[in-house]
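Protein chains: 2
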Amino acid sequence: MSKRRNRRPTIIDVAERAGVSKSTAARALTGSSNITEETREKVVKAAAAVGYERNHLAVGMRSGRSGMLGLVIPDITNPFWAEVARGAQDQAAEAGSSLLVFSSDWDVAKEAAHLRALRQARVDGAIINPVADNFDDLDRFGLPFVLIGSSAERFVETSSVGSDITQGVRLGMDHLVSKGHGAPSLIVGPKNRLARVRFLRAVHQHCIERDIDPAILAMEEGEYTVEGGKQAMRRLLARDHVGHVCVFAANDMMAIGAIMAVREAGLRCPEDISVIGFDGIPSGEFAWPGLTTVAKPGREMGARAVEGLFSEIEHQPEHRRIYLPCRLIERGSLADLSAHAPQRVAGAGRV
Amino acid sequence: MSKRRNRRPTIIDVAERAGVSKSTAARALTGSSNITEETREKVVKAAAAVGYERNHLAVGMRSGRSGMLGLVIPDITNPFWAEVARGAQDQAAEAGSSLLVFSSDWDVAKEAAHLRALRQARVDGAIINPVADNFDDLDRFGLPFVLIGSSAERFVETSSVGSDITQGVRLGMDHLVSKGHGAPSLIVGPKNRLARVRFLRAVHQHCIERDIDPAILAMEEGEYTVEGGKQAMRRLLARDHVGHVCVFAANDMMAIGAIMAVREAGLRCPEDISVIGFDGIPSGEFAWPGLTTVAKPGREMGARAVEGLFSEIEHQPEHRRIYLPCRLIERGSLADLSAHAPQRVAGAGRV
DNA sequence: TGCTGGCGCGGTAACGTTCCCATGACGTAC
DNA sequence: GTACGTCATGGGAACGTTACCGCGCCAGCA
Numbered sequence: 001m002s003k004r005r006n007r008r009p010t011i012i013d014v015a016e017r018a019g020v021s022k023s024t025a026a027r028a029l030t031g032s033s034n035i036t037e038e039t040r041e042k043v044v045k046a047a048a049a050v051g052y053e054r055n056h057l058a059v060g061m062r063s064g065r066s067g068m069l070g071l072v073i074p075d076i077t078n079p080f081w082a083e084v085a086r087g088a089q090d091q092a093a094e095a096g097s098s099l100l101v102f103s104s105d106w107d108v109a110k111e112a113a114h115l116r117a118l119r120q121a122r123v124d125g126a127i128i129n130p131v132a133d134n135f136d137d138l139d140r141f142g143l144p145f146v147l148i149g150s151s152a153e154r155f156v157e158t159s160s161v162g163s164d165i166t167q168g169v170r171l172g173m174d175h176l177v178s179k180g181h182g183a184p185s186l187i188v189g190p191k192n193r194l195a196r197v198r199f200l201r202a203v204h205q206h207c208i209e210r211d212i213d214p215a216i217l218a219m220e221e222g223e224y225t226v227e228g229g230k231q232a233m234r235r236l237l238a239r240d241h242v243g244h245v246c247v248f249a250a251n252d253m254m255a256i257g258a259i260m261a262v263r264e265a266g267l268r269c270p271e272d273i274s275v276i277g278f279d280g281i282p283s284g285e286f287a288w289p290g291l292t293t294v295a296k297p298g299r300e301m302g303a304r305a306v307e308g309l310f311s312e313i314e315h316q317p318e319h320r321r322i323y324l325p326c327r328l329i330e331r332g333s334l335a336d337l338s339a340h341a342p343q344r345v346a347g348a349g350r351v
Numbered sequence: 001m002s003k004r005r006n007r008r009p010t011i012i013d014v015a016e017r018a019g020v021s022k023s024t025a026a027r028a029l030t031g032s033s034n035i036t037e038e039t040r041e042k043v044v045k046a047a048a049a050v051g052y053e054r055n056h057l058a059v060g061m062r063s064g065r066s067g068m069l070g071l072v073i074p075d076i077t078n079p080f081w082a083e084v085a086r087g088a089q090d091q092a093a094e095a096g097s098s099l100l101v102f103s104s105d106w107d108v109a110k111e112a113a114h115l116r117a118l119r120q121a122r123v124d125g126a127i128i129n130p131v132a133d134n135f136d137d138l139d140r141f142g143l144p145f146v147l148i149g150s151s152a153e154r155f156v157e158t159s160s161v162g163s164d165i166t167q168g169v170r171l172g173m174d175h176l177v178s179k180g181h182g183a184p185s186l187i188v189g190p191k192n193r194l195a196r197v198r199f200l201r202a203v204h205q206h207c208i209e210r211d212i213d214p215a216i217l218a219m220e221e222g223e224y225t226v227e228g229g230k231q232a233m234r235r236l237l238a239r240d241h242v243g244h245v246c247v248f249a250a251n252d253m254m255a256i257g258a259i260m261a262v263r264e265a266g267l268r269c270p271e272d273i274s275v276i277g278f279d280g281i282p283s284g285e286f287a288w289p290g291l292t293t294v295a296k297p298g299r300e301m302g303a304r305a306v307e308g309l310f311s312e313i314e315h316q317p318e319h320r321r322i323y324l325p326c327r328l329i330e331r332g333s334l335a336d337l338s339a340h341a342p343q344r345v346a347g348a349g350r351v
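Residue numbers (my numbering), protein chains in the order written: chain A, 1 to 351; chain B, 1 to 351.
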């Protein structure tokens with residue numbers, strides 16, 4: 001009657017059509033108790049008939065829970081973060097929540113703006129890979145959140161999900177040792193990232209356990225990009241070296257760049273130079289040779305972060321730090337020197 | 001006074017602190033007219049003091065505009081779609097809107113669920129790459145939307161943003177002809193995708209213009225994945241062929257798979273077999289040889305789709321179809337035969 | 001028979017915002 | 001001096017939902 005033509009049906013329309021009050025209609029649709037099966041059915045049918053769909057904005061206003069989660073990552077076009085986003089997305093959908101996705105480009109100002117947007121959208125909580133050193137904005141965030149990725153370690157008080165870098169580095173080191181390599185040269189990220197510190201600490205620890213002086217390791221740094229890896233590798237190649245060089249890159253993009261630089265220099269990978277990466281991005285498979293790498297469980301990280309966020313939201317104050325194990329993906333960019341016979345090209349090329 | 005401890009400040013708190021009514025406070029903060037500069041300043045200061053942030057849920061209820069947009073794409077971990085998402089994200093942020101991102105996995109049921117979620121979240125509109133043939137759910141969607149990608153063409157009534165497949169195919173064909181190749185073999189997507197039809201139509205048209213009978217083109221199909229391309233290439237190689245083969249893949253992932261299959265068969269790319277792709281995903285650069293490809297402007301597509309969506313939302317009924325031009329990225333997976341046999345045209349590359 | 005309690009249902013308030021309308025003060029024109 | 005227009009401000013309603021409270025009914029029990 002008062003139903004204007006172009007309006008979405010509300011619960012009042014449903015109630016009118018079912019001949020009940022809106023309270024009853026609400027009870028029927030939310031599955032509350034104290035309602036006759038007969039009435040419930042009547043309401044459900046009416047709802048279907050008018051094409052009713054609950055208005056989450058109104059529910060959010062009333063209940064204080066918007067059913068939305070935020071995700072703030074460095075860049076959705078980075079394959080690793082896309083995996084994380086996908087894991088989070090699926091896990092959120094499982095619980096009937098939606099995901100607001102933002103890319104910060106490692107930029108403090110952008111991150112702050114995104115956090116503000118999330119607050120204004122009244123998300124129930126957020127998963128954040130914080131830009132280095134941006135303590136202030138996180139302190140002020142004011143909503144439940146879970147940290148994801150390497151930067152988590154600085155925030156003692158908050159839940160976090162990351163990969164077990166120490167275990168991952170060990171996996172990589174053990175692998176290259178088992179293939180007959182000695183201490184690797186390193187390509188690491190820029191100075192101001194915690195990821196770099198964690199990677200280096202793990203490498204050093206592992207070296208010491210094997211009575212290797214970490215100081216002998218050659219190291220170059222670069223941005224966490226293909227170009228960064230390429231340049232770092234060039235500098236590494238410019239140094240004097242004898243024999244087969246093995247390079248452990250702290251990130252797959254850099255590792256791929258390193259392989260490109262090797263080829264550029266007229267050398268072969270893995271025959272002349274072996275490369276092992278860290279991340280496990282799918283496109284590592286496309287490289288030639290396929291990138292041998294330590295894979296972080298990106299998708300699972302996203303999923304577990306959402307799980308953790310939900311318990312955070314429900315005030316289970318179980319502030320937990322989760323470190324998921326990494327696994328080794330062997331593809332072909334690391335030569336097998338353990339057999340004394342020389343490398344065979346075919347041996348390196350399996351997929 | 002009535003301000004409970006753990007509640008976010010509302011406009012009423014601001015008004016109380018500024019000593020005005022909530023109407024005045026609202027006027028001051030929305031930048032409306034009819035307000036003394038003095039009062040406005042007082043309110044703004046009070047807002048800053050209590051840390052007020054506008055509740056978008058409430059604004060959405062009142063105004064009917066939630067400030068959120070939906071994005072439904074096949075898979076955020078697909079590099080091309082990640083680019084699109086990023087473009088949409090940035091453009092939405094420009095207008096102060098947030099983006100809800102969903103992955104449909106080319107699954108009709110998932111897509112339907114996502115569209116329902118978007119309606120319930122009361123997004124202002126959505127950008128959708130629809131799963132093939134899912135007319136019904138789109139018809140019933142009931143909100144402004146813009147289509148993105150190849151499936152758009154089936155929906156005459158709706159705005160859409162895509163790449164100019166015809167121009168892109170021409171770019172690719174011209175390039176391979178200019179490099180001395182003849183009619184290419186094709187690797188295309190599954191039967192029920194419109195993208196396949198458009199790709200094929202463009203190829204055929206181009207052939208006819210060059211007096212080539214499209215029927216002579218060898219063709220294999222596969223899923224739009226690396227594995228799909230690999231298998232298609234294997235089948236292509238299993239056919240009898242003479243001389244250098246050139247393969248035009250309808251998608252970069254398939255093209256990369258094709259290169260892998262070539263290597264697998266003990267052949268070399270581009271020396272024995274040339275491959276050209278379509279999409280322009282960044283990881284095409286990592287492949288060896290680097291993938292020569294026709295690049296769609298993914299990021300710009302996302303941005304333009306958001307622009308179009310806004311004019312759609314504001315009832316500018318300018319139902320427009322935008323086709324953005326592709327560009328060629330030359331990397332190395334296509335051999336240059338022009339030096340050896342400048343005028344080789346048809347027949348040279350048949351499989 | 002009368003009281004109690006459980007149950008199904010309806011009315012209403014509240015979430016936070018914005019917009020419309022009313023009010024009152026002031027200035028201006030007759 | 002009165003009438004009227006302008007403008008800053010306040011009051012209240014509305015967006016759609018759900019939780020709380022109260023009412024009437026019926027069964028069970030003293």
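The C-beta atom is built at its ideal place from N, Cα and C for all residues, glycine as well. Computed from a prediction, not measured in an experiment: that's the story for all the values here.
Buried versus exposed, by CB contacts within 10 Å (16 or more), A:V156 = exposed
Hey, out of B:P270, B:G257, B:G277, B:A265, whose CA is closest to B:A250's CA?
-> B:G277
Nearest CA to the CA of B:S178: which residue from B:A255, B:L334, B:A18, B:G189?
-> B:L334
Report yes or no: do the stretch 300–309 of chain B and the stretch 259–276 of chain B share at least 3 C-beta pairs separated by less than 8 Å?
-> no
At what residues does the alpha helix (DSSP H) containing B:L57 begin and finish?
-> 56–63
By Cβ distance below 6 Å, which residues in the same chain neighbour B:Q91 in space, the five residues on each side in sequence not counted?
-> A303, V306
Host beta strand (DSSP E) of A:D105 (start-end) = It is not in any beta strand (DSSP E) - A:D105 carries neither H nor E in the DSSP assignment.
How would you label A:R198, buried or exposed, when you count the other beta carbons within 10 angstroms and need 16 or more for buried?
-> buried
Pairwise C-alpha distance: A:I127 and A:S160 = 9 Å
Using 8 Å as the limit for Cβ to Cβ distance, is B:S274 near chain A?
-> Closer than 8 Å: no.
What residue from A:V59, A:W106, A:C207 has the CA that sits closest to A:S151's CA?
-> A:W106
Per the contact definition of three or more C-beta pairs closer than 8 Å, is the stretch 205–214 of chain A in contact with the stretch 224–235 of chain A?
-> no
Give me whichever residues DSSP pairs with B:E221 in a beta bridge.
-> B:V188
Hey, how far is the Cα of A:S182 from the Cα of A:C246?
-> The sequence given here places Gly at residue 182 of chain A; Ser does not occur at that position. About 8 Å.
Is the Cβ of B:S311 closer than 8 Å to any Cβ of chain A?
-> no
What is the residue span of the beta strand (DSSP E) that B:F80 lies within?
-> No beta strand (DSSP E) holds B:F80; the alpha helix (DSSP H) holding it covers 79–94.
Mapping DSSP to helix, strand and coil, what is A:T292?
-> strand
Exposed or buried, B:N34, counting other C-beta atoms within 10 Å across all chains shown (16 or more means buried)?
-> exposed
Find the residues of chain B that neighbour A:P74, judging by a C-beta separation of less than 7 Å, and give them in chain order.
-> Those do not exist, as A:P74 stays about 11 Å from chain B at its closest Cβ, beyond 7 Å.
Starting from B:C246, trace the beta strand (DSSP E) both ways and give me its first and last residue.
-> Start and end: 245–249.
Going by the beta-carbon positions, is the gap between A:G70 and A:G96 smaller than 8 Å?
-> no
How do the stretch 73–82 of chain A and the stretch 45–64 of chain A stand: do at least 3 beta-carbon pairs fall below 8 Å, yes or no?
-> no
Answer yes or no: do A:A18 and B:A82 have a C-beta to C-beta separation smaller than 8 Å?
-> no
Is the shortest distance between the beta-carbon of A:E330 and the beta-carbons of chain B less than 8 Å?
-> no
Could you round the C-beta distance between A:V123 and A:L100 to whole angstroms and report it? I think they count as a contact, below 8 Å.
-> 6 Å
To the nearest angstrom, report how far apart B:W358 and A:G125 are at their CA atoms.
-> For residue 358 of chain B there is no data in the structure shown, the boundaries of chain B being 1 and 351.
If you follow the beta strand (DSSP E) that A:L69 is part of, which residue opens it and which one closes it?
-> Element bounds for A:L69: 68–73.
Assign A:T36 to one of two classes, buried (16 or more other C-beta atoms within 10 Å of its C-beta) or exposed (fewer than that).
-> By the neighbour-count rule (16 or more Cβ atoms within 10 Å), A:T36 is not buried but exposed.
3 or more residues per run - each beta strand (DSSP E) lying fully within the stretch 151–198 of chain B = 160–163, 185–188
Counting along the chain, where does the beta strand (DSSP E) carrying B:A339 start and finish?
-> Neither: B:A339 is in no beta strand (DSSP E) and is coded neither H nor E.
At a Cβ threshold of 8 Å, is A:A112 touching chain B?
-> no
Identify which residue in B:R327, B:L324, B:G298, B:S338 has its Cα closest to the Cα of B:Q89.
-> B:G298
Check each candidate in B:A49, B:K42, B:D137, B:G64 and name the one with the smallest Cα separation from B:A113.
-> Comparing Cα positions, the closest option is B:D137.
Could you tell me whether the Cβ atoms of B:G280 and B:M254 are closer together than 8 Å?
-> no
Residue(s) in a DSSP beta bridge with B:L328 | B:V294
Please name the residues in the stretch 52–73 of chain B whose beta-carbon is closer than 8 Å to at least one beta-carbon of chain A, in chain order.
-> E53, R54, N55, H56, L57, A58, G60, M61, S66, G67, M68
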